[in-house]
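Reading through the structure tokens given below for one structure.
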Amino acid sequence: MARQKKMGQNVLRAVFLLVLGLLGHSHGGFPNTISIGGLFMRNTVQEHSAFRFAVQLYNTNQNTTEKPFHLNYHVDHLDSSNSFSVTNAFCSQFSRGVYAIFGFYDQMSMNTLTSFCGALHTSFVTPSFPTDADVQFVIQMRPALKGAILSLLGHYKWEKFVYLYDTERGFSILQAIMEAAVQNNWQVTARSVGNIKDVQEFRRIIEEMDRRQEKRYLIDCEVERINTILEQVVILGKHSRG
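Pasting the structure below:
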């Protein structure tokens, strides 16, 4: 519940600031009710719940200074593997005249959603991992990681390490790492683990890297996969120094 409340408050803050930005210069005609949208993948149950909780938290606030208007929300669920489903969900939101849409995208739906936002001038607030390019009308709640990762590698003087990644975003970061490796004479071993289903395969990778005297790992994966990798590290006894 505490995690959901924190997520809900982050969602609320993002949407609230966006709507204020959209309407902040229209004090005279400020509406009493604002319509916002929500686009969610069918498997993002927790995120959808956090969104509903954030709106409810805002609407039940009795402080009129903090709540100058009431929020109405309209949610559509989409199947990212079906381009018609993505298009239909976005058009459904746009037809309702929402001021902004909060939602998620993945690799399959990203281009369609960001294209619609640019063409129809509809703001899209998302906690999804940021795209490489700046997309007009898309507001990222997560910061880009590329610069931060390169700064950390330079700060800690990692010159030899293994990079494990599992998404297209990870591949983009890998390209930046390899460019820096050429400039700084780093030795980088990269492995894509996105398609690995067998847990034992992670163990084999760790054992192979151990034989090659690799001691440092940069793991850029989704949380569940990180947990699986770290479990294998502990099982193999590679989590202690020496």
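Throughout the sequence shown, residue numbering follows mature numbering (1 follows the signal peptide of the UniProt record, and there is no 0), covering -28 to -1, 1 to 214 in sequence. C-beta: ideal position from N, C-alpha, C; glycine also. On a predicted model such as this, the values are computed, not experimentally measured, just so you know.
Looking from the CA of residue 139, the closest CA among 31, 209, 191 and 91 belongs to 191. Straight across, the Cα-Cα distance linking residue 60 with residue 160 is about 44 angstroms.
In the DSSP secondary-structure assignment, residue 72 is bridged to 8 and 95. Ranked by Cα distance from residue 206, the options 132, 188, 178 and 186 are led by 178. Partner residues in the beta bridge of residue 163, as assigned by DSSP, are 136. Boundaries around residue 190 are those of the beta strand (DSSP E), 189 to 192, since no alpha helix (DSSP H) includes it. It is roughly 10 angstroms from the alpha-carbon of residue 79 to the alpha-carbon of residue 103. Residue 58 carries a helical assignment under DSSP once its states are collapsed to helix, strand and coil.
Bounds of the alpha helix (DSSP H) holding residue 30 are 17 to 31. For residue 44, the secondary structure class from DSSP, reduced to helix, strand or coil, is strand. Distance from residue 62 to residue 88 at the Cβ level is roughly 5 angstroms; contact confirmed, criterion being Cβ atoms closer than 8 angstroms.
Counting along the chain, the unbroken beta strand (DSSP E) around residue 112 starts and ends at 110 to 112. Taking C-alpha positions only, residue 77 is separated from residue 120 by approximately 23 angstroms.
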